[in-house]
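In the UniProt record's numbering, the protein residues as written are 1 to 220.
Here a beta-carbon is modelled for each residue, glycine too, at the ideal position from N, C-alpha and C.
As the structure is a prediction and not an experimental result, all values here were calculated from the model.
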């Protein structure tokens, strides 16, 4: 028996079924699917908390976190009150880095970025890049969080090279998802001077009138 926790704050107990050497969610899974309104094409990320517990984050086909459902317990004779949180553009936590030669196998991002993003000491994050999603292992030091396993593949498949400028962004209520876009190829960034961009943490709201959509960037 496993326990699944979702970003709505609810939990579900599900059983595991083994069939021809493969494992499947069985009893309890249908309730989870119905409550979270899962659809074909949705993307689920499971983070192992312990041997029988998972945190589950749900994204739609565009890799955006699905609306969080805040539901009160159903009262006798009444339908449950459900509120969909949408249409809000929260401030993002962002960080800019220029790819160096030593970034071939790992990338170091400041601890203040992960702390402001509410990622704490998670062992894995999901990176949304120009051409898809990549799970990535994290290693913590006193001042940095290193993106290690999965980073080289991310660079290769997105044709990112030394000198490219990357923008890391985390938007609240998106779980362990970090958006990474190439804001400039082979040179200084085009959203201000490189010295201004290379701050340890840039906490601001990015809008279209602050920085035009650069060549090679992707849309959220």
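> So is residue 18 buried or exposed if we call it buried at 16+ other beta carbons inside 10 Å?
Replying inline: For the purposes of this step, residue 18 is identified with residue 18 of the chain shown, where counting begins at 1. Exposed, because fewer than 16 other Cβ atoms sit within 10 Å of the Cβ of residue 18.
> residue 30 lies in the alpha helix (DSSP H); which residues open and close that run?
Replying inline: The sequence position of residue 30 within the chain shown is 30, counting from 1. Segment 29-35, the alpha helix (DSSP H) holding residue 30.
> With distances taken from CA atoms, which of 100, 119 and 5 is nearest residue 178?
Replying inline: Locating residue 178 in the chain shown gives position 178, counting from the first residue. Checked all of 100, 119 and 5; the closest Cα to residue 178 is 119.
>> Taking 6 Å as the limit between beta carbons, can you name the residues of its chain near residue 134, skipping five residues before and five after?
In response: Indexing the chain shown from 1 puts residue 134 at position 134. Taken in chain order, the residues that qualify are 127, 150 and 154.
> By Cβ distance below 8 Å, which residues in the same chain neighbour residue 152 in space, the five residues on each side in sequence not counted?
Replying inline: In the chain shown, counting from the first residue as 1, residue 152 sits at position 152. The answer, listed in chain order, is 104 and 105.
> For residue 168, which residues of its own chain have a beta-carbon under 8 Å away from its beta-carbon, when the five flanking residues on both sides are left out?
Replying inline: By 1-based counting over the chain shown, the position of residue 168 is 168. Same-chain partners within the cutoff: 94, 95, 96, 97, 109, 113, 178, 179 and 180.
>> Measuring straight from C-alpha to C-alpha, what distance separates residue 14 and residue 26?
In response: What you label residue 14 is simply residue 14 of the chain shown in a count that begins at 1. What you label residue 26 is simply residue 26 of the chain shown in a count that begins at 1. Near 6 Å, if we compare the C-alpha coordinates of residue 26 and residue 14.
> What number of angstroms, rounded off, separates the C-alpha of residue 146 from the C-alpha of residue 36?
Replying inline: Locating residue 146 in the chain shown gives position 146, counting from the first residue. Locating residue 36 in the chain shown gives position 36, counting from the first residue. One C-alpha to the other measures close to 32 Å.
> Which value, in whole angstroms, describes the spacing of the CA atoms of residue 140 and residue 182?
Replying inline: Translated into the one-based positions of the chain shown, residue 140 becomes position 140. Translated into the one-based positions of the chain shown, residue 182 becomes position 182. Between residue 140 and residue 182, the C-alpha separation is close to 24 Å.
> So which of 171, 173, 184 and 143 has the shortest CA-CA distance to residue 159?
Replying inline: Residue mapping note: residue 159 aligns to position 159 of the chain shown, counting from 1. When each option's Cα is compared against that of residue 159, the closest is 184.
> Under a Cβ-count criterion, where at least 16 other Cβ atoms within 10 Å of its own Cβ denotes burial, should residue 48 be classed as buried or exposed?
Replying inline: To locate residue 48, count along the chain shown from 1; it is residue 48. Exposed: under 16 other Cβ atoms inside 10 Å.
>> Considering only the alpha carbon of each residue, which of 107, 164, 44 and 172 lies closest to residue 5?
In response: As a first step, residue 5 must be located in the chain shown, where it is residue number 5. Residue 44 is the option with its Cα nearest to residue 5.
> For residue 170 versus residue 57, is the C-beta spacing smaller than 8 Å?
Replying inline: Position 170 of the chain shown, counting from 1, holds the residue named residue 170. Position 57 of the chain shown, counting from 1, holds the residue named residue 57. Not in contact: residue 170 and residue 57 (Cβ atoms no closer than 8 Å).
>> Taking the straight line between their C-alpha atoms, what separation do you get for residue 31 and residue 11?
In response: Taking the chain shown and counting its residues from 1, one reaches residue 31 at position 31. Taking the chain shown and counting its residues from 1, one reaches residue 11 at position 11. Each residue's Cα considered, the two are about 11 Å apart.
>> Suppose you measure from the CA of residue 124 to the CA of residue 46; what does that come to, to the nearest Å?
In response: Here residue 124 refers to the residue found at position 124 when the chain shown is read from its first residue. Here residue 46 refers to the residue found at position 46 when the chain shown is read from its first residue. Each residue's Cα considered, the two are about 10 Å apart.
> Would you call residue 129 buried or exposed, if buried means 16 or more other Cβ atoms sit within 10 Å of its Cβ?
Replying inline: Position 129 of the chain shown, counted from the first residue, corresponds to residue 129. Label assigned to residue 129: buried.
> Any idea what DSSP makes of residue 190, helix, strand or coil?
Replying inline: The residue given as residue 190 occupies position 190 in the chain shown. Legend: pLDDT at residue 190 = 36, less than 50; position of this residue unreliable, value from coordinates given subsequently. Three-state DSSP puts residue 190 in coil, outside helix and strand.
>> Checking 8 Å against the spacing of the C-beta atoms, do residue 1 and residue 52 come in under that value?
In response: Translated into the one-based positions of the chain shown, residue 1 becomes position 1. Translated into the one-based positions of the chain shown, residue 52 becomes position 52. It is a contact, given that the beta carbons lie within the stated cut-off.
> In the structure shown, what three-state DSSP assignment does residue 102 receive?
Replying inline: The sequence position of residue 102 within the chain shown is 102, counting from 1. Of the three classes helix, strand and coil, the one that applies to residue 102 here is helix, per DSSP.
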